[in-house]
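With positions in the sequence shown counted from 1, the corresponding number in our numbering is that position plus 2. One structure below.
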Amino acid sequence: MALVASTWLFDPLSDRRHTAVPSFDDIPVGFAIGPREIAVTRADLVRYAGASGDFNPIHWSDRYARMGGLPQVIMQGALTMGLANRVLTDWLGDPGAVLETSVRCRDAVFVPDDDDDDDDDAGARIVVAAVVAAQLPQRRVRVDFTVTSEGVKVLSHAKAVVQLV
């Protein structure tokens with residue numbers, strides 16, 4: 003029997019939240035977390051810029067993005083990493099259980115402008131999947147992430163160490 007994280011843990015429309023950190027004894031190497039698809043719009047980029055102080059115009063202006071050699075606006079790398087970690091913290095039920103995390107930005111997430119078409123799904127989508135890659139001492143596990151957009155891997159060496167109970 004394969005263990006897979008329950009889908010309700012990742013339902014953004016659900017008011018149910020996972021409230022207990024998983025038990026080390028119940029989480030084997032190979033345990034899958036996700037995948038979860040996350041939609042990101044230009045408005046999300048502007049909100050993140052306000053919260054983070056990252057007002058680089060390549061994250062909100064196509065003109066500046068093109069001046070920088072990009073075809074269009076790109077998502078902040080730290081936002082991409084934060085959304086990937088959100089999948090993990092939603093599963094854990096306690097953000098404090100994340101002891102360390104590391105990642106390298108490998109490729110850009112391009113975010114089309116909502117005004118460029120009449121499609122309500124404008125923006126970008128990232129897909130976050132994670133797997134428990136190793137059990138560590140002190141009831142900890144290493145979790146490896148895969149984060150893609152349009153089928154392209156956008157983060158590399160994405161991993162976290164978490165404390166289980």
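Note that the Cβ used here is the ideal one computed from N, Cα and C, for glycine as well.
(message) What would DSSP say about A51, mapped onto helix, strand or coil?
(response) Position 49 of the sequence shown, counted from the first residue, corresponds to residue 51. Of the three classes helix, strand and coil, the one that applies to A51 here is helix, per DSSP.
(message) Could you give the first and the last residue of the continuous beta strand (DSSP E) run that contains G79?
(response) Looking up residue 79 in the sequence shown gives position 77. First-last for G79: 79-94, but that is the alpha helix (DSSP H), not the beta strand (DSSP E).
(request) Using the Cα positions of M83 and V105, report the straight-line distance between them to the nearest angstrom. (result) The residue you call residue 83 lines up with position 81 of the sequence shown. The residue you call residue 105 lines up with position 103 of the sequence shown. Their backbone Cα atoms lie some 7 Å apart in a straight line.
(message) Using a 10 Å radius around the Cβ and a threshold of 16 neighbouring Cβ atoms, would you call H159 buried or exposed?
(response) What you label residue 159 is simply residue 157 of the sequence shown in a count that begins at 1. H159 is exposed by the Cβ-count criterion.
(message) What would DSSP say about R65, mapped onto helix, strand or coil?
(response) Here residue 65 refers to the residue found at position 63 when the sequence shown is read from its first residue. Helix at R65.
(request) Figure out for me which residue from A162, T103, L90, M77 has the closest Cα to the Cα of R127. (result) To locate residue 127, count along the sequence shown from 1; it is residue 125. Per the Cα distances, M77.
(request) Could you tell me if L101 is buried or exposed, where buried requires 16 or more neighbouring beta carbons within 10 angstroms of its beta carbon? (result) As a working note, residue 101 is residue 99 in the sequence shown. Under this definition L101 is an exposed residue.
(message) For V149 and E39, what's the separation of their Cα atoms in angstroms?
(response) As a working mapping, residue 149 is identified with position 147 in the sequence shown. As a working mapping, residue 39 is identified with position 37 in the sequence shown. Each residue's alpha carbon lies about 10 Å from the other.
(message) I believe L157 touches R88 by the beta-carbon criterion, under 8 Å. Please report the beta-carbon distance rounded to the nearest angstrom.
(response) For the purposes of this step, residue 157 is taken as residue 155 along the sequence shown, with counting starting at 1. For the purposes of this step, residue 88 is taken as residue 86 along the sequence shown, with counting starting at 1. No, L157 and R88 are not in contact; Cβ-Cβ is about 13 Å, not under 8 Å.
(request) Look at the alpha carbon of P30 and the alpha carbon of L90, and state the distance between them as a whole number of angstroms. (result) Counted from its first residue, the sequence shown places residue 30 at position 28. Counted from its first residue, the sequence shown places residue 90 at position 88. In a straight line, the C-alpha of P30 is about 16 Å away from that of L90.
(message) In this structure, how does DSSP classify K27 when only helix, strand and coil are distinguished?
(response) Indexing the sequence shown from 1 puts residue 27 at position 25. Inspection of the sequence shows that residue 27 is occupied by Asp rather than by Lys. Three-state result, D27: helix.
(request) May I have the straight-line CA-CA distance separating A110 from G79, to the nearest angstrom? (result) On the sequence shown, residue 110 is found 108 positions in, with the first residue counted as 1. On the sequence shown, residue 79 is found 77 positions in, with the first residue counted as 1. If you take the alpha carbons of A110 and G79, they lie about 8 Å apart.
(request) State the DSSP-derived secondary structure class of R44, mapped to helix, strand or coil. (result) Taking the first residue of the sequence shown as position 1, residue 44 is located at position 42. DSSP places R44 in helix when its eight states are reduced to three.
(message) Do G98 and A22 have their beta-carbon atoms positioned less than 8 Å apart in this structure?
(response) As a working mapping, residue 22 is identified with position 20 in the sequence shown. As a working mapping, residue 98 is identified with position 96 in the sequence shown. For A22 and G98, no; Cβs fall outside 8 Å.
(message) Let's test the definition: count the other Cβ atoms within 10 Å of the Cβ of S8 and tell me whether it reaches 16, buried, or not, exposed.
(response) Your numbering for residue 8 matches position 6 in the sequence shown. Annotation note: pLDDT 34 at S8 (below 50); position unreliable, coordinate value reported separately. Exposed is the call here.
(message) Per the DSSP calculation, V134 is bridged to which residue(s)?
(response) Along the sequence shown, one-based indexing puts residue 134 at 132. Paired residues: V145.
(request) Please say whether F26 and R144 have beta carbons closer to each other than 8 Å? (result) By one-based count along the sequence shown, residue 144 stands at place 142. By one-based count along the sequence shown, residue 26 stands at place 24. Contact flag unset, no.
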